[in-house]
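So for the sequence shown, this note's numbering puts the first residue at 287; every next one is plus one.
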Amino acid sequence: MQIPSPIEEFQFNNLNFKVKRDDLIDPFISGNKWRKLNYQLAEATRLEKNHLVTFGGAFSNHLLATAAAGAKFKFKTTAIVRGEKVDNEILFFCAIFGMNLIFVDRTAYRDKENLFEKLFSKDPNAYFIDEGGAGALGQQGCENIIHEINLPISNVFCAAGTGTTAIGILKTLQSKYPESILHIIPVLKNLNLETQILNSIPDAKNFIVHEDYHFGGYAKTTPQLLNFIKKFTSTTGLIIDPIYTGKMFFAMFNLIEEQKVKYDENFIAIHTGGALGSLGMRNKFDF
Ligand SMILES: *Cc1c(COP(=O)(O)O)cnc(C)c1O
């Protein structure tokens, strides 16, 4: 695994910017999913539990990361997958890594603690990891993203699903780079991230949640977003996906273009990975 992840320079729309390539940490344990698993695996080991049980949708980057990390670090893995039984590229890789897949309907899926209790109360080795790797240990892992940076940075951009990554980043950023600003792009509607951030970091400052770049909601897209992704990837060589990082990079360039942020050479985007998860979106593109 490539830790610390590299930082690379790119140019797009005649602007130079840096990218923290967490997508290069591992092909399957991708991006922020490794950051979020890191300390949870250590905790499972400390508790002598060798069976990771976690949750996600059928194209979840987190399920794939858990499957791959489990195989690499000698854990048994089980995924509770939301919805009816399906087969796709992500679940195929999960299965190859040895993950046991249990499909549950959307109603039952909602109560994860209850499902865990019901299915695994007799397994003393079972270790609960929340959907997406969310939680305090997940946040702690994401603090390392900024610990690994030793360059001048002015504005940091990251996509948010649960917000775990953004909160971890903000914690380190505030102490290490007190002059810099974190721009958070929620990829779903009504995440209420600002409240969540202030609950986790009472003195949180120097962050902006940009609510206008979800493109209709989680995994929703528009022709404008898809065209941006095609243009961005074909001119930079950097794969971005329509669910997370595509929305983040779109927002970054849109905010610069509309002069809502003041551009300089020290912009850095956190590439949180997710290339394979975007296979679930490939029929949205018309090539
Ligand atoms: C899961 C994921 C996110 C969201 O991270 P949160 O910590 O849940 O906000 C962002 N980008 C990619 C590529 C992801 O797979």
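By construction, the Cβ of each residue, glycine as well, lies at the ideal position given by its N, Cα and C atoms.
> Which first and last residues belong to the alpha helix (DSSP H) in which GLN510 is found?
Replying inline: Translated into the one-based positions of the sequence shown, residue 510 becomes position 224. Unbroken alpha helix (DSSP H) run through GLN510: 509-522.
> Where are the beta strand (DSSP E) runs, 3 residues long or more, that stay fully inside the stretch 304-383, in chain order?
Replying inline: 337-342, 362-368
> Between which two residues does the alpha helix (DSSP H) carrying HIS433 extend?
Replying inline: Indexing the sequence shown from 1 puts residue 433 at position 147. From DSSP, the alpha helix (DSSP H) with HIS433 extends over 422-433.
> ILE494 bridges to which residues according to DSSP?
Replying inline: Here residue 494 corresponds to residue number 208 of the sequence shown, with the count starting at 1. HIS469, per the DSSP bridge assignment.
>> For the pair the stretch 532-551 and the stretch 491-504, tell me if three or more CB-CB distances fall below 8 Å.
In response: yes
> Do the stretch 339-356 and the stretch 472-481 meet, that is, are 3 or more Cβ pairs less than 8 Å apart?
Replying inline: no
> Going by Cα to Cα distance, which pick from GLN326, ILE388, LEU405 is closest to GLU334?
Replying inline: What you label residue 334 is simply residue 48 of the sequence shown in a count that begins at 1. The option with the nearest alpha carbon to GLU334 is GLN326.
> CB-CB under 8 Å to PHE314, same chain, minus the five flanking residues each way: which ones, in chain order?
Replying inline: By one-based count along the sequence shown, residue 314 stands at place 28. LEU350, ALA351, ALA353, ALA354, PHE379, PHE383, LEU562, listed in sequence order.
> So does ALA446 have its beta carbon nearer than 6 Å to some heavy atom of ligand 1?
Replying inline: Working through the sequence shown from its first residue, we reach residue 446 at position 160. Answer for ALA446: yes, Cβ within range of ligand 1.
> Taking the DSSP output, what are the residues bridged to GLU294?
Replying inline: Position 8 of the sequence shown, counting from 1, holds the residue named residue 294. For GLU294, which the question treats as bridged, DSSP gives the partners VAL305.
> Can we count TYR499 as close to ligand 1, meaning its CB is less than 6 Å from some heavy atom?
Replying inline: In the sequence shown, counting from the first residue as 1, residue 499 sits at position 213. No - ligand 1 has no heavy atom lying nearer than 6 Å to the Cβ of TYR499.
> Residues in its own chain within less than 6 Å of ARG321 by CB, not counting five upstream and five downstream?
Replying inline: Within the sequence shown, the letter at position 35 stands for residue 321. GLY427, CYS428, listed in sequence order.
> If we ignore side chains and look at the alpha-carbon of each, how far apart do ALA422 and PHE402 end up?
Replying inline: Counting from 1 along the sequence shown, the entry for residue 422 is found at position 136. Counting from 1 along the sequence shown, the entry for residue 402 is found at position 116. When rounded, the distance between both Cα atoms is 19 Å.
>> Once the 5 residues before and after ASN299 are set aside, which same chain residues still bring their CB inside 7 Å of it?
In response: Numbered from its first residue, the sequence shown carries residue 299 at position 13. So the list reads PHE539, once near-sequence residues are dropped.
> Hey, is the stretch 558-572 in contact with the stretch 461-472, meaning 3+ C-beta pairs nearer than 8 Å?
Replying inline: no
> From ILE525 to THR519, what distance separates their C-alpha atoms?
Replying inline: Along the sequence shown, read from residue 1 onward, the residue named residue 525 stands at position 239. Along the sequence shown, read from residue 1 onward, the residue named residue 519 stands at position 233. Using only the alpha carbons, I get a separation of about 5 Å.
> Which whole-angstrom value is the C-beta distance of GLU551 and ASN302, which I expect to be below 8 Å?
Replying inline: Position 265 of the sequence shown, counted from the start, is the residue given in the question as residue 551. Position 16 of the sequence shown, counted from the start, is the residue given in the question as residue 302. Going by Cβ atoms, the distance from GLU551 to ASN302 rounds to 6 Å, so yes, they are a contact pair.
>> Which residues does DSSP list as the beta-bridge partners of HIS557?
In response: Mapped onto the sequence shown, residue 557 falls at position 271. Answer by DSSP bridge pairing, in chain order: ARG307.
> Taking Cβ positions, are GLN288 and LEU310 nearer each other than 7 Å?
Replying inline: Start at 1 with the first residue of the sequence shown, and residue 288 comes out as number 2. Start at 1 with the first residue of the sequence shown, and residue 310 comes out as number 24. Taking 7 Å as the Cβ cut-off, GLN288 and LEU310 qualify as a contacting pair.
> Exposed or buried, what is LEU607 when buried is set at 16 or more other beta-carbons lying within 10 Å of its beta-carbon?
Replying inline: Because the chain is modelled from 287 through 573, residue 607 falls outside the range shown and cannot be assessed.
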